[in-house]
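Notes follow the structure.
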Amino acid sequence: MKYIPTTSVLEVKPQPSTAVTSDEAHVQEIRSSLSVDAITAERHSLTEISKARYETGDRAGLAEPSGHYMAGDSAGCTVLDWMTAAERLRFHLLGLALPSFGEERLAARSRIQERIAARKRNALTRNLSSSREQAAEIC
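Residue numbering for the sequence shown is 1 to 139, as defined by UniProt numbering.
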């Protein structure tokens with residue numbers, strides 16, 4: 001698979017704040033240590049673990065389901081209902097660590113500006129080299 005270098009969405013830094021909640025502190029740690037792909041992969045693995053619990057029906061150590069469903073019917077449960085409290089918290093923090101739409105838009109805008117600047121540099125280089133060739137032909 002071909003690797004295409006891009007600017008990370010996580011490079012867009014939020015403005016410093018005086019009050020940071022514990023969730024925000026954890027999110028900053030996650031963002032500094034994991035890439036977007038790694039965050040997505042970890043959320044996917046947590047989802048797969050809870051799906052496996054759902055398929056086996058093993059609710060040992062789990063809290064009561066939060067989904068709206070009829071008594072005894074697990075069809076209305078969500079994947080989160082089959083996660084432990086620690087898994088739910090981690091899933092939540094990983095979700096907060098994913099880039100927002102605004103962050104993705106800013107990162108895309110900076111990548112576009114970089115490509116435009118590179119094209120302008122290439123155009124100037126081509127124009128200069130063709131001008132030199134024409135000058136050499138005249139002399």
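By construction, the Cβ of each residue, glycine as well, lies at the ideal position given by its N, Cα and C atoms.
Beta-carbon gap between residue i and residue j smaller than 7 Å
i: V27; j: A97; result: yes
i: W82; j: S50; result: yes
i: R88; j: L80; result: yes
Opening and closing residue of the alpha helix (DSSP H) in which residue i lies
i: G95; result: 85 to 97
i: D23; result: 22 to 33
i: E48; result: 36 to 56
Cβ-based burial, residue i [other Cβ within 10 Å; buried from 16]
i: T125; result: exposed
i: I39; result: buried
i: I116; result: exposed
i: R31; result: buried
i: R53; result: buried
Closest by C-alpha distance to residue i, when choosing among the options
i: R43; options: L128, L62, H92; result: H92
i: S45; options: L94, G61, G102, F101; result: L94
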